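Start counting the sequence shown at 4; every next residue gets the next number (this note's numbering). Data block below; observations after.
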Amino acid sequence: MGAYILKRLLLMIPTLLGALLITFMVTQFVPGGPIEQLISKLERTDQTDAKLNGGNENIGASDANSTYRGARGIDPDVIKKWEKQFGFDKPAPQRFAEMVWNYVRFDFGDSYFQSKPVGRLILEKLPVSISLGLWLLLISYTISIPMGIAKAVREGSRFDIWTSAVVSFGYAIPNFIFAILLIVLFAGGSYWNFFPLRGLTSDNFSSLSWGRKILDYAWHLVLPLTAMGVSGFATTTLLTKNSFLDEIRKQYVVTARAKGLSQNRVLYGHVFRNAMLLIISGFPAAFIGAFFTGSLLIEQVFSLDGLGYLTYKSAVNRDYAVVFAALWVFTLMGLLVALLSDLIYTWIDPRIDFESRET
């Protein structure tokens, strides 16, 4: 197993470099880079001043040969200063090599527009994403797996039919639409005002006792987790049901029942271990989705300033320093979680031997 783990760790290197390289190459051709963003902002400010002064104002001389869109009328020295500030005065291969070397040391540099180190920005937003993702995974798996098992055992019953209708509805409705519905119903929208509308804590959180802090934190999580988990519950529940049904119909289960083993002994002593392999295989995607991509719209709706929302704003504003750092962190965490899933495979079913499998 040690050789397999080492091989997987070594394979992470080209994967990380490939993801970073593709994104870096794409950003070289996408219009509206960080310098264009500054030019656009400067033009808006200049136009506002011109309207207030009743005339037209320019900054410096005109530069008709500039490679940046909208740069006419801006001093070339200003453009060169910005290029040096963002590192665009160097050739692209050199910039990419320097970025990789810095990222290996987890030195992500400074944000282009927020005047903060990128590492600090990520650490500031991480608690929100961890709160949402960790609790979502814990609650989702705690509820969905037992429900999926119960549906498999009672296949075709009224319980199975009604719960299938509920989880199908949850899977079909977009989570941000459901979030808005929850706000309208339970957060002072048009009906009841049971839950807070925004944030993870109240304004007086620091003055509360420890017990009241826990209750306040949990109370703020109810609506965001419900909105995020409605589709996740459906996916995990149906996946668990189908996986258990496949195992229940196999010959070894029939043999175990013929020997007089109880239902619980058959399910949890024999079926559970084999059926859970399929559930574990989807854990990396569920982990990354819950922590980052899955919480993006929910963070916007409930005013939760997490890592997903930070990455979205940075991509819109062409803050490439934050975008590349977030990509590096996301990819690295995804690869590590995938490796962890393989190790859990071997723990659940020792018959699985990844070292003997050809790659």
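Ideal Cβ positions, reconstructed from N, Cα and C, are used throughout, including at glycine. Predicted, not measured: the structure shown is a model, and the values here were computed from it.
Val325 is positioned such that its CB atom lies no closer than 8 angstroms to that of Leu241.
Phe111 and Val121 do touch by the CB rule: their CB atoms are close to 4 angstroms apart, below 8 angstroms. Comparing alpha carbon positions, the residue from Glu39, Ser143, Phe116 and Ala190 closest to Thr238 is Ser143. With contacts defined by Cβ atoms closer than 8 angstroms, Leu203 and Ala190 do not form a contacting pair. In the DSSP assignment, Asn196 forms a beta bridge with Ala190. Secondary-structure assignment with DSSP links Pro120 through a beta bridge to Asp113. In terms of Cα proximity to Thr229, the closest of Ile125, Ser118 and Leu140 is Leu140. In this structure Leu23 touches Trp331 by the C-beta definition: roughly 6 angstroms separates them, less than 8 angstroms.
Contact between Pro227 and Leu135 holds, since their C-beta atoms are separated by about 6 angstroms, short of 8 angstroms. The distance from the Cβ of Ile148 to that of Thr26 is about 36 angstroms, inconsistent with a contact at the 8 angstroms cut-off. Counting every other CB atom within 10 Å of its CB across the protein chains shown gives Met279 a total of 16 or more, marking it as buried. Runs of the alpha helix (DSSP H) lying entirely within the stretch 308-340 and spanning at least 4 residues, in chain order: 310-319. Here DSSP, grouped into helix, strand and coil, assigns Asp206 to coil. Just so you know, the alpha carbons of Phe275 and Lys10 end up roughly 30 angstroms apart. Less than 8 angstroms separates the beta-carbon of Ala95 from that of Gln31. If you draw a straight line from the Cα of Asp308 to the Cα of Lys119, it is about 16 angstroms long. Distance from the CA atom of Trp195 to the CA atom of Phe162, rounded to whole angstroms, is 30 angstroms.
Going by DSSP, Phe172 is part of the alpha helix (DSSP H) stretching over Arg161 to Ala175. In the DSSP assignment, Leu224 falls within the alpha helix (DSSP H) that extends over Trp213 to Ile251.
Where Gly5 is concerned, the enclosing alpha helix (DSSP H) starts and stops at Gly5 to Phe32. Taking C-beta atoms as the reference points, Lys128 and Leu300 fail to come closer than 8 angstroms.
The Cβ-Cβ distance between Ile152 and Phe247 falls below 8 angstroms. Burial state of Pro37 is buried, judged by a 10 Å Cβ sphere holding 16 or more other Cβ atoms.
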